[in-house]
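Colleague: Residue numbers (the numbering used here): 22 to 337.
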Amino acid sequence: MAKLTLLDVAKLNGNDTVVGLIEENLSFAPEVSRFPFRQIKGTSYRTVTRTGFPSVSFRSANEGVTPSKSTFKNSLVECFILAAQVEVDKAVGMANEDGMAALEMIESNGVMRQALIELGSQIWHGVSVDSKGFPGIKAATPSTATIYLTSGGSDANVQSSAYFVKYGNQDVTLIGGNNTTFNLGDFRDQTLYDAASLAYEGRTAGLTAWTGLQIGNLNCVGRIANIGQDSETGDLLTDAKIAQLLQKFPVGYRPDEIWMNRRSGGQLQRSRTVVINSGPASKAGANLEAVAPWPDSAFGIPIQITDSILSTEAVE
């Protein structure tokens, strides 16, 4: 599906420095290149979600029907400040053979990488990553949710989850407050202090973003929880469990992507079997792979791998 991502919006805003920093670090936070991104004028807004439809029925001639109405839920979507300070020792920068600007860019690149990694983790795990950030998708898919399935893992603090996400302005999208993406200020001279509070001259710049996550309705996200570690042989991720979770999505809410970490991806690969039709004299072709490829889809839905999803979750 066509959608504007954070990188696309940064390009439209014409901030070349930020665009370069985001592009260099997309591989460390794939969520940024996949989740749609929408800018808003302020830092919050309210959504109205229909939770129930009016009743409709057939009737006989000269017979009335009971009137009814829709039910709605009002939700608040907020953006939160994601910030970092880039600091460079002025003496080190002056001694750098490529110049001060080159060292400033190296440090800015590192800060942007960590900011995107932080954003990716917040998308899934929410306030358990940073209590001052936005709620994540895990909180929207508790064990009491309709679109939820446990894989059965029972070993403490080694569980993981696979997430099923439907994107869109009425479904899941990242939000940028104050009509911004990331803003990197100009570097300026400033007195810095080491761990012993001793001063030295440096160069600093601030990286700031107002970010939030909209989960538009309960049918746009789902989760397979309690995916066990590799030794929990009956509790690993399989296509059968993915199918079980998919059947919980109502018609019209088919997820756009499935997200998991490398461990779950490996389990899914090993669960898949390869059927090789025999050639002449019952011999398989020499160029045929005898193992399943690394999974990039399930039932026609793309699979995305990220390190932002943990393998240290508690049993639910």
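Just so it is clear, CB atoms sit at the ideal spot from N, CA and C, and this is done for glycine as well.
Let me know the secondary structure DSSP gives Gly120 once reduced to three states.
Modeller: coil
Colleague: Are there 16 or more other CB atoms within 10 angstroms of the CB of Met115, so buried, or fewer, so exposed?
Modeller: exposed
Colleague: Which partner residues of Trp231 appear in the DSSP bridge assignment?
Modeller: Ile102
Colleague: Tell me the DSSP secondary structure of Asp317 in three-state form.
Modeller: When secondary structure is reduced to three states using DSSP, Asp317 falls in the coil class, being assigned neither helix nor strand.
Colleague: Three-state secondary structure (DSSP) at Leu205?
Modeller: strand
Colleague: Leu239 and Ile326 - do their beta-carbons sit closer together than 9 Å?
Modeller: No, the pair does not count as a contact, with Cβ atoms beyond the cut-off.
Colleague: Which of the three DSSP states is assigned to Arg55 in this structure?
Modeller: helix
Colleague: Would you mind sorting Phe203 into buried or exposed? The rule is 16 or more other CB atoms within 10 Å of its CB.
Modeller: buried
Colleague: Provide the residue span of the alpha helix (DSSP H) that contains Gly189, from first to last.
Modeller: Premise fails: Gly189 is in no alpha helix (DSSP H) and is neither H nor E.
Colleague: If we ignore side chains and look at the alpha-carbon of each, how far apart do Trp231 and Met121 end up?
Modeller: 29 Å
Colleague: Report the CB separation of Phe101 from Gly233 in whole angstroms; it is logged as a contact under 8 Å.
Modeller: That pair is a contact at about 6 Å.
Colleague: Could I get the ranges of all uninterrupted alpha helix (DSSP H) runs contained in the stretch 136 to 180, with 4 residues as the minimum, in chain order?
Modeller: 158 to 161
Colleague: Residues in its own chain within less than 8 Å of Thr92 by CB, not counting five upstream and five downstream?
Modeller: Arg71, Thr72 and Gly73
Colleague: Grouping DSSP H, G and I as helix and E and B as strand, with all else coil, what is Lys269?
Modeller: Under the three-state reduction of DSSP output, Lys269 falls in the coil class, being neither helix nor strand.
Colleague: Checking 9 Å against the spacing of the C-beta atoms, do Thr201 and Ser129 come in under that value?
Modeller: no
Colleague: Return the Cβ separation of Ser292 and Leu267 in integer angstroms, given the expectation that the two are a contact with Cβ distance under 8 Å.
Modeller: With 8 Å as the limit, Ser292 and Leu267 do not qualify as a contact, their Cβ atoms being about 16 Å apart.
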